[in-house]
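Report on the structure given below.
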Amino acid sequence: MEPRAVELAGGVANTGRVYRVGGLVYRPAAPARPATHAFLRHLAGVGFTGSPRVVHTCGDLEILSWLPGRAARAPLPDWALTETALLSAAGLLRRFHDASAGFAPDEWEWPVPRVPQQYRTHLIGHNDVHPGNLIFVGERATGLIDFDLAGPSSAVWDLATLARAWAPTLADEDAPHSEAARLDRFTAILDAYGLPAADRTEVAEALLPNHDWTYQLVRTAARAGHSGFREYWRAVSPRTERARNWLIAHHADLRAAAC
Ligand SMILES: Nc1ncnc2c1ncn2[C@@H]1O[C@H](COP(=O)(O)OP(=O)(O)OP(=O)(O)O)[C@@H](O)[C@H]1O
Ligand SMILES: [Mg+2]
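Position one of the sequence shown corresponds to residue 103 (our numbering), numbered consecutively onward.
Now the structure itself:
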């Protein structure tokens with residue numbers, strides 16, 4: 103008999119340790135499991151359908167509902183580069199934040215590393231909305247998975263992560279769209295999310311700190327000997343450095359595009 107458990111590839115932190123069995127996903131339990139599971143239960147309780155349900159836990163595993171669809175992975179495939187994909191991802195993030203807003207974060211221990219203090223509010227954000235953590239049905243983003251880094255955050259911070267991946271804020275030689283199109287897509291993300299005018303330039307300001315926070319996390323794990331992160335960092339570090347330089351060179355363009 104064939105094994106029933108099918109490996110779900112695409113992740114880095116838990117490479118080779120995420121499996122699907124029927125409608126269930128078995129993965130290493132979130133590092134801040136009590137908080138993360140209370141949060142996922144809250145999302146389910148307020149009727150948000152775009153996150154997995156906690157079914158149960160067993161030893162060091164969490165068993166979650168499988169969300170139908172497919173995750174994207176960088177470099178983004180054609181279906182993930184469409185306007186539908188872009189706008190639906192921003193819309194999904196907005197619905198997620200609206201659902202998150204009623205959850206009281208203070209009584210829980212959240213995972214480290216925390217996002218930088220200036221981007222922490224009473225809102226619990228996802229903090230890792232990279233393409234591999236978004237589920238699509240066709241070209242439409244329908245689900246968010248992998249809440250391992252969820253914790254006190256802000257709309258601005260999650261939007262900065264989303265925009266880096268989906269504009270995307272890459273150097274010309276690495277980017278699937280022209281520079282003008284990338285800036286337009288950045289504007290479109292903020293429009294589709296419905297971010298108030300007062301906060302829009304803050305997202306442009308958050309892009310570089312968000313980039314640095316993310317790759318610091320990757321480098322720290324790689325240096326600590328995590329083989330998945332080591333391999334990932336080796337593959338992406340040149341592109342990452344070019345993206346960082348592009349963000350610095352286009353700071354004023356990004357601020358203008360936010361308005
Ligand atoms: N609940 C779910 N529903 C549908 N697919 C899932 C679910 N959980 C995981 N997957 C699939 O498994 C892949 C890896 O899962 P996951 O994101 O949990 O791994 P990870 O190694 O922790 O990721 P990361 O590198 O983002 O930390 C995802 O990209 C997705 O394709
Ligand atoms: Mg993941």
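Using N, Cα and C, we set each Cβ at its ideal position, and we do this for glycine too.
VAL214 versus ASN229 - alpha carbon distance: Here residue 214 refers to the residue found at position 112 of the sequence shown. Here residue 229 refers to the residue found at position 127 of the sequence shown. The straight-line gap from Cα to Cα measures roughly 11 angstroms.
Helix, strand or coil at ALA173 [DSSP, three-state]: As a first step, residue 173 must be located in the sequence shown, where it is residue number 71. Note: ALA173 maps to strand in three-state DSSP.
SER167, enclosing alpha helix (DSSP H) - first and last residue: One-based indexing of the sequence shown puts residue 167 at position 65. In the DSSP assignment, SER167 falls outside any alpha helix (DSSP H) and within the unbroken beta strand (DSSP E) covering 163-167.
Buried or exposed by the 16-neighbour rule on C-beta atoms within 10 Å, applied to ALA337: Numbered from its first residue, the sequence shown carries residue 337 at position 235. Counting every other CB atom within 10 Å of its CB across the protein chains shown gives ALA337 a total below 16, marking it as exposed.
Per DSSP, the bridge partner or partners of ALA243: Start at 1 with the first residue of the sequence shown, and residue 243 comes out as number 141. In the DSSP output, where bridge partners are listed per residue, ALA243 has PHE238.
Buried versus exposed, by CB contacts within 10 Å (16 or more), ARG109: As a working note, residue 109 is residue 7 in the sequence shown. In the sequence under discussion, the amino acid at residue 109 is Glu, which differs from the Arg named in the question. Classification of GLU109: exposed, given that the 10 Å Cβ count is below 16.
ASP250 and ALA115 closer than 9 angstroms at C-beta: Taking the first residue of the sequence shown as 1, we reach residue 250 at position 148. Taking the first residue of the sequence shown as 1, we reach residue 115 at position 13. Yes, these two residues count as a Cβ contact at 9 angstroms.
Residues near SER255 by beta carbon distance below 8 angstroms, same chain, minus five either side: Your numbering for residue 255 matches position 153 in the sequence shown. Answer for SER255: VAL217, TYR221, ARG222, THR223, LEU225, ILE226, GLY227, HIS228, ASN229, listed in chain order.
Contact under 9 angstroms by Cβ, ALA192 with TYR128: The count along the sequence shown starts at 1 and reaches residue 192 at position 90. The count along the sequence shown starts at 1 and reaches residue 128 at position 26. It is not a contact, given that the beta carbons lie outside the stated cut-off.
CA-to-CA distance, ILE350 to ARG284, given in whole angstroms: Locating residue 284 in the sequence shown gives position 182, counting from the first residue. Locating residue 350 in the sequence shown gives position 248, counting from the first residue. If you take the alpha carbons of ARG284 and ILE350, they lie about 15 angstroms apart.
LEU225, DSSP secondary structure in three states: On the sequence shown, position 123 is the one that residue 225 refers to. Reduced to three states, the DSSP call for LEU225 is strand.
Three-state class that DSSP yields for GLU211 in the structure shown: On the sequence shown, position 109 is the one that residue 211 refers to. Note: GLU211 maps to coil in three-state DSSP.
beta-carbon ILE226 near ligand 2 non-hydrogen atom, thresh 8 angstroms: Taking the sequence shown and counting its residues from 1, one reaches residue 226 at position 124. Not under cutoff, so the answer is no.
Integer-rounded CB distance, given that ASP301 should sit under 8 angstroms from ALA257: Counted from its first residue, the sequence shown places residue 257 at position 155. Counted from its first residue, the sequence shown places residue 301 at position 199. The C-beta distance from ALA257 to ASP301 rounds to 7 angstroms, short enough to meet the 8 angstroms contact threshold.
Exposure of ARG266, with buried meaning 16 or more beta-carbon neighbours within 10 Å: Position 164 of the sequence shown holds residue 266. Answer is buried; the Cβ neighbour count reaches 16.
Inter-stretch contact at 8 angstroms, needing at least 3 Cβ pairs: the stretch 273-283 / the stretch 325-332: Verdict: no, contact absent.
Segment contact flag, the stretch 178-191 with the stretch 202-211, C-beta cutoff 8 angstroms, min 3 pairs: The stretch 178-191 is not in contact with the stretch 202-211.
Nearest residue (CA-CA) to HIS353, options VAL120, ARG106, ALA306: The sequence position of residue 353 within the sequence shown is 251, counting from 1. Closest in C-alpha terms to HIS353, from the list VAL120, ARG106, ALA306, comes ALA306.
Whole-angstrom distance between CYS361 and ALA173, CA atom to CA atom: As a first step, residue 173 must be located in the sequence shown, where it is residue number 71. As a first step, residue 361 must be located in the sequence shown, where it is residue number 259. About 30 angstroms.
Spatial distance of ILE237 from ALA243 (CA atoms): Against the sequence shown, residue 237 aligns to sequence position 135. Against the sequence shown, residue 243 aligns to sequence position 141. Straight-line Cα distance between these residues: approximately 6 angstroms.
Closer than 6 angstroms to ligand 3: residues, by C-beta to nearest heavy atom, in chain order: No copy of ligand 3 appears in this structure; the ligands present are ligand 1 and ligand 2.
Rounded distance between the beta-carbons of LEU195 and LEU264, thought under 8 angstroms: Here the question's residue 264 lines up with position 162 in the sequence shown. Here the question's residue 195 lines up with position 93 in the sequence shown. Correct: roughly 6 angstroms between the Cβ atoms.
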